[in-house]
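Quick note: to get my numbering, add 26 to the position in the sequence shown (first position is 1).
Some notes on the structure that comes next.
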Amino acid sequence: MFRSASVDPSSVASVTIGTTHFVNAVVTRDRTRLSQVAVLRLSGPFSKHAPPCVDWPASLRNIILGHYALIKGGLEVDGSLISDIREQEIVEQCNIVKEKGIKSIVVNGVFSPIDTVEKQEERAAEIIRRELEENVDIVLSKTVANLGFLERENAAILNASILSFARKTIASFQTPIKELGLSCPVFITQNDGTILSGEAASRLPIRTFSSGPTNSMRGAAFLVGRQENGGAVMVVDVGGTTTDVGLLLANGFPRQQAAYSELSGVRMNFSYPDVKSIGLGGGSLVRKVGERLQVGPESVGYQLPEKALVFGGNVPTATDYVVASSPDVTIGQPENVRGKLQADNVQAFQAETKIMLENIIDKMKTSPDDLPVLLVGGGAVIAPDELKGASKVIKPQWSGVANAIGAAMARVSTVIDTVKSTEKQTQKELLAEICEEAKQKTIEAGASATTVTIVEVEDLPLQYVANKTRFMVRAAGDFDFSRAGDFADLNITKEEDGIETRSSASDAIAAPSSEDAADQVDVTPEVDIMGYKPKVANREWWISETDLDWITIGCYILGTGGGGSPYSTMLRVRGILRSGGSVRVVSPDDLKDDARVGSGGGAGSPTVGIEKLSADEMMDAQTHLYDLIKGGYATHIIPLEIGGSNGLQGLVLGASTNMNIPCVDGDWMGRAYPTKWQTTPVVFGEREIVFAPVAVADGNGNTLYMPTATSDLKVEQVIRAALSQMGSSVGTADAPVTGSETRRWAVEHTISLSWRIGREVARARKENRIDSVAQSIIDAVGGAETGRALFKGKIVGVERKLYMGHVYGEVIIEGTGSEYQGKIKIPFKNENIAAIRIPDGEESKTGEEKNEDVLAIVPDLIAVIDAQNGEAIGTPEYRYGLLVSVIGITASDRWTSPKGIEIGGPKAFGLDHLEYKPLGKFVKPVSVIDEYDGKQ
């Protein structure tokens, strides 16, 4: 290559490699490359209801998770201790890990990314090294990912599982580099298209998992120049083992996933291109399974030149079948396969490959419209020239090296995600310091100082946490080739002492045993969405996992930006169902007058909620409440608010494993509101005090009981004051009200409404109608007279500030397309307050908005929806560049009385100059129980 190009090897400044070796091992569930992992959580009593790998596909969990334990440790968000680590506990776990022969260990502590004083993960690692003595891999979660306990842990586990294989793979790059006479540094491309040193990549291979598709899409953008007609293009990258599909936007960059990303069914919090992968490539095994010809997911991978039939091997691969079926394709020795493979198998291969590609393309589309498909990658030869759903199939010249072109264009970047105190420095001063730190770290990583810029900034004041703000800063710059010598040594040995030698790669292509095959399959029956009928008998709705999925989606949308993500609560309910427990929902219409309807919910910061997962604070509060009021145990439970995580707490509390009572299909808000006194019982005003007595528990042994209060507002103030001393996240339990009061006060059938919203989102995804998901949601809530699509566009600005424990701010959205032009702003106080048009040519000015520019305002619901998947985006997740739809839903008639508007309308949020005008006409949600009772 160098001779033909007349290039002196000494003039090569660097080599950048994009590899899919690591992600292939995960996608194909390759036991020979994935190590078993032990997980030690430093969490005290927290996270017990969401054990490690709880949301993983069973096939992957069974291979990787070898042991886990929840032990003392963890921090609160302010840096104080949940509890200190206990050496003896760690020693005991080391003995178990040693007995099981596990060599890879993950240590994950609550709020470890901000732990700069206690250094619990580091101290635990020292004990583990001392006890195990031999060379083991210890991965500290804080070195892998940022805030988000489960997502960080998931990334750390995958990283630990692949470490041994990663070291060997990266070390193997040394041989060809040296044989070519190169002395330049070797870099590996990261998921975001930037580069990582070989040494860093051997420690953090997880950061390279999705680099292949990123490189291919960036390279594809280079090869085709501008997209045809300025539209999007589907990029299909066919490699040796997998096919990765992503959407290249009109701006030349890959479409990114939303707040959370997913790899092979594992949820993480990296910034990833929105890519889906299947086990189909040039090296995919082709074999008969019963009457069906199966293609992949197993592959010979890089051993194609040795194993494939066209190269004299004995393993039938996709490449062999392409050569056999296409006279124009000349690879290896075509005579080895042409006329020798059964004609019906060749036809079956072509049909199967076409279906596999069409299905994955179909899943990636957000609209049923056809769009151009760009085929790249070394295995693109196996793809047909025509595909259903493609307006055209493009195979550009040099498509086989699109990945290499993208890798050569990579930059250097650094991300800092930290929580800082604003007590002694202003937010602006701290941000300036963190930006400078990010720039310096980027320069240290190899960037040219003159090219480094801050490309992403976000600051999130933490609710109910005094003087604390979360800062996320990203810097990037071009590689400084004048300093190439500083990075020249990979510093990775080919085989490290003490690391178990894995089976050879050839073992990976063997067909799994029947026992292994059972582990390899994730059986998730596809739901006939419109044909599905929930189980309702004797006017009791028995919640299934399908019901739960839909309710979860709907709860977050009804949260109008607040309430916190219901994801971890959903996992808890799902765990109850999978362990044989049951959850029942009943209609408020069926409550007897003397029924005792209790309530409960969480209070605190959503940022704390994603890091310090629940212990037993919800049940602790309920237990202490009934112990103290001595009698009158609840016969039913109702959620405090349907919006966000609290929307599922009624299901948690009422489950057969907890209080074992039915949950009422309704709540006290019909949405999420920031305070406890903004509830319908207070609107009705039939009792002087509704929410006292009340019990509050933090899950760590501390309980507050308030038997009396002067007002519901005072109850709220006391709980908020206690929050900072109780870990900024608590469970609350409210004394029961009567069945007759519940029928008068509750916003009815809101669990049913959540279910219907979630069903429509799921249906829109399945039918590739995400572009019109806003209309689908509106249909679910009552149609055009009840809801309205208010706007669609891209977030171009977010401002936040903290006041009295609540996050105030506004998000600015710029319209896209001809239907939605200009800009709107959505002010929020934890939840969205209004959607207001910004007049053309004017700036957003708080306090000067005009009623004629109001698109919707509280108590009506304003929800911001991710335009890529139809799910809600909470106010803490607002960030620049997200494509969103904004919908408005008319509030329940429980809120439209003068007292309701006073408590939950514009003036309650300081918008005294704006008046509430209903968006439409409220339509009472249709009860799932009424519709399906006895019809299953």
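All C-beta atoms, glycine included, are put in the ideal place defined by N, C-alpha and C.
Here the structure is a predicted model, which is why all the values come from computation and not from measurement.
Item: Meets three-Cβ-pair contact criterion under 8 Å: the stretch 61 to 81 and the stretch 173 to 187; Value: yes
Item: Inter-stretch contact (C-beta, 8 Å, three-pair minimum) for the stretch 697 to 711 and the stretch 721 to 728; Value: no
Item: Check whether residue 242 and residue 263 have beta carbons under 9 Å apart; Value: yes
Item: Alpha-carbon to alpha-carbon, residue 469 and residue 508; Value: 12 Å
Item: Supposed close pair residue 138, residue 639 - CB separation, criterion 8 Å; Value: With a Cβ gap of about 14 Å, residue 138 and residue 639 do not count as contacting.
Item: For residue 293, the first and last residue of its enclosing beta strand (DSSP E); Value: 292 to 294
Item: Where the alpha helix (DSSP H) containing residue 782 begins and where it ends; Value: 776 to 792
Item: Straight-line gap, residue 845 to residue 817 (C-alpha atoms, nearest Å); Value: 9 Å
Item: Whole runs of the alpha helix (DSSP H) within the stretch 330 to 365, excluding any shorter than 4 residues; Value: 330 to 333, 344 to 351
Item: Distance between residue 652 and residue 642 (C-alpha atoms, nearest Å); Value: 16 Å
Item: The stretch 337 to 347 touching the stretch 443 to 453, judged by at least three CB pairs closer than 8 Å; Value: no
Item: Span separating the alpha-carbon of residue 55 from that of residue 85; Value: 7 Å
Item: Closest by C-alpha distance to residue 288, when choosing among 610, 951, 82; Value: 82
Item: Buried or exposed (CB count within 10 angstroms, at least 16 for buried), residue 449; Value: exposed
Item: Three-state secondary structure assigned by DSSP to residue 444; Value: strand
Item: Best match in 905, 929, 942 for proximity to residue 497 [C-alpha to C-alpha]; Value: 905
Item: Test item: CB-CB of residue 706 and residue 772 under 9 Å; Value: yes
Item: Cutoff 7 Å; reference residue 597; Cβ partners in own chain excluding five residues on either side; Value: 76, 80, 81
Item: Terminal residues of the alpha helix (DSSP H) in which residue 379 lies; Value: 369 to 390
Item: Test item: CB-CB of residue 922 and residue 885 under 9 Å; Value: yes
Item: Cβ pair count under 8 Å reaching 3, the stretch 172 to 179 against the stretch 214 to 229; Value: no
Item: Residue 289 (DSSP reduced to helix, strand or coil); Value: strand
Item: Rounded Cβ spacing between residue 960 and residue 563 (contact assumed at less than 8 Å); Value: 7 Å
Item: Contacts around residue 319, its chain only, beta-carbon distance under 7 Å, and the 5 residues preceding and following it disregarded; Value: 312, 371, 374, 375, 378
Item: Residue burial classification, residue 194 (beta-carbon count within 10 angstroms, cutoff 16); Value: buried
Item: Cβ-Cβ distance between residue 239 and residue 301 below 9 Å; Value: yes
Item: Continuous beta strand (DSSP E) stretch holding residue 730: start and end; Value: 729 to 732
Item: C-alpha gap between residue 112 and residue 170, whole angstroms; Value: 24 Å
Item: Enclosing beta strand (DSSP E) for residue 163 [first to last residue]; Value: 163 to 166
Item: With 16 other Cβ atoms within 10 Å as the buried cut-off, status of residue 143; Value: exposed
Item: Beta bridge counterpart(s) of residue 813 as assigned by DSSP; Value: 915
Item: Check whether residue 669 and residue 790 have beta carbons under 9 Å apart; Value: no
Item: Under 9 Å between C-beta atoms of residue 954 and residue 778; Value: yes
Item: Through-space distance from residue 164 to residue 155, alpha-carbon basis; Value: 8 Å
Item: Under 9 Å between C-beta atoms of residue 399 and residue 415; Value: yes
Item: Cβ pair residue 71, residue 94 closer than 9 Å; Value: no
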